[in-house]
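Everything on this sheet refers to the single structure shown next.
Structure, rendered in structure tokens:
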């Protein structure tokens, strides 16, 4: 099974 | 003083239609270069980025940078009051707590203005790294919409798989399995009907149908959509807004734990 990733785990906060 | 006038006002109507299901509120950042918006959906699975360049407007004035926080449901309600051929002007004073939308009929015989309260929203712009994508697929936007709609009947996820031969969309669920393969078009009469694939390496990724379906609300904006994919990074779904900018949706993939 695959799990939905969060977009925040790819793009950095400033 | 901020003022932006767009003769092709229906472009703005379409931009709002393509955002309002995904975002309830967001800030429009205005500068002398144009208007930008970046926001995540509530569950932080996707991110939307909109750019409207100043030179795409028929008149554009922005004396100082301003960030206009708006309830997009309200903005969409107001823009639905504009006819498709209306000229739309957005106006705000510096440090104002409201924004005005003016809709003029092409013959100037009907002029409507709507004022809307602005909101103070927490700004949290994410840094999107420059990425050389492993596969860039361009296809008719209506075709992509149809594929996602059809496959959504089968399951919650769509697997997008790109190879030299073409791109394959698949979904599986209780009722069975669906596969749709698109080959690169050899020759087409109209450029907008073409399917083109630029591929560095084959890539297969899984995405939630729910979000892809919401992205296809932007189908009215452009004849073609561009999908950019690399292993284990968010998918980019891009629609051009005439020749003045774009709406880009970033969607986090589903990944094996």
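Protein chains in written order, with my numbering: chain A, 62 to 75; chain B, 21 to 277. Ideal placement from N, C-alpha and C gives every residue a C-beta, glycine not left out. Treat the numbers as computed from the prediction; the structure is a model and nothing was measured.
Cutoff 8 Å: residue i Cβ touching any chain A Cβ
| i | result |
| --- | --- |
| residue 65(B) | yes |
| residue 93(B) | no |
| residue 272(B) | yes |
| residue 258(B) | no |
| residue 228(B) | yes |
| residue 266(B) | no |
| residue 249(B) | no |
| residue 60(B) | yes |
| residue 277(B) | yes |
| residue 45(B) | no |
| residue 147(B) | yes |
| residue 178(B) | no |
| residue 68(B) | no |
| residue 144(B) | yes |
| residue 278(B) | What the structure shows of chain B is the stretch from 21 to 277, and residue 278(B) is not part of that stretch, so it cannot be assessed. |
Member of the options whose CA lies at the smallest distance from the CA of residue i
| i | options | result |
| --- | --- | --- |
| residue 184(B) | 177(B), 48(B), 178(B), 155(B) | 155(B) |
| residue 275(B) | 227(B), 111(B), 81(B) | 227(B) |
| residue 223(B) | 30(B), 32(B), 153(B) | 153(B) |
| residue 180(B) | 157(B), 162(B), 113(B), 173(B) | 157(B) |
| residue 67(A) | 225(B), 254(B), 50(B) | 254(B) |
| residue 125(B) | 105(B), 240(B), 94(B), 93(B) | 105(B) |
| residue 272(B) | 177(B), 160(B), 54(B), 21(B) | 177(B) |
| residue 91(B) | 141(B), 203(B), 182(B) | 141(B) |
| residue 233(B) | 172(B), 61(B), 50(B) | 172(B) |
| residue 112(B) | 89(B), 127(B), 94(B) | 89(B) |
| residue 147(B) | 137(B), 238(B), 51(B), 60(B) | 60(B) |
| residue 84(B) | 76(B), 51(B), 149(B) | 51(B) |
| residue 110(B) | 49(B), 143(B), 150(B) | 49(B) |
| residue 93(B) | 252(B), 238(B), 77(B), 136(B) | 136(B) |
| residue 70(A) | 63(B), 23(B), 229(B) | 63(B) |
| residue 107(B) | 249(B), 127(B), 258(B) | 127(B) |
Integer-rounded CB distance, given that residue j should sit under 8 Å from residue i
| i | j | result |
| --- | --- | --- |
| residue 66(B) | residue 231(B) | 5 Å |
| residue 57(B) | residue 70(B) | 4 Å |
| residue 200(B) | residue 167(B) | 5 Å |
| residue 186(B) | residue 204(B) | 6 Å |
| residue 36(B) | residue 68(B) | Their Cβ separation, rounded to whole angstroms, is 12 Å, which puts residue 36(B) and residue 68(B) out of contact at 8 Å. |
| residue 122(B) | residue 138(B) | About 16 Å; that fails the 8 Å criterion. |
| residue 79(B) | residue 240(B) | The Cβ separation is near 25 Å, so there is no contact. |
| residue 174(B) | residue 161(B) | That belief does not hold up - the Cβ atoms of residue 174(B) and residue 161(B) are roughly 22 Å apart, past 8 Å. |
| residue 12(B) | residue 21(B) | Since the first residue of chain B shown is 21 and the last is 277, residue 12(B) is not available in this structure. |
- Task: Check whether the region 93-110 of chain B touches the region 122-140 of chain B, counting contact only when three or more Cβ pairs, one atom from each stretch, lie closer than 8 Å.
- Result: Touching, per the Cβ criterion.
- Item | Unbroken stretches of the beta strand (DSSP E), 3 residues or longer, contained in the region 189-270 of chain B | The region 189-270 of chain B contains these whole beta strand (DSSP E) runs: 196-203, 216-219, 223-228, 244-249, 255-261.
- Item | Continuous alpha helix (DSSP H) assignments of at least 4 residues falling wholly in the region 29-85 of chain B | Counting whole runs of 4 or more residues, the region 29-85 of chain B contains the alpha helix (DSSP H) stretches 30-39.
- Quick check: the region 43-52 of chain B against the region 26-33 of chain B, are there 3 or more CB pairs under 8 Å? Contact between the region 43-52 of chain B and the region 26-33 of chain B is absent: fewer than three C-beta pairs spanning the two stretches fall below 8 Å.
- Message: Taking 8 Å as the cut-off, does the region 207-219 of chain B touch the region 262-270 of chain B (at least 3 CB pairs, one atom from each stretch)?
- Response: No: the two stretches stay apart, fewer than three of their Cβ pairs being nearer than 8 Å.
- Task: Take every Cβ of the region 189-196 of chain B, pair it with every Cβ of the region 238-256 of chain B, and state whether three or more of those distances are shorter than 8 Å.
- Result: The region 189-196 of chain B, when compared against the region 238-256 of chain B, does not touch it at the 8 Å Cβ threshold.
- Query: Which full runs of the alpha helix (DSSP H) of 4+ residues lie inside the region 89-149 of chain B, going along the chain?
  - Reply: Correct list: 92-99.
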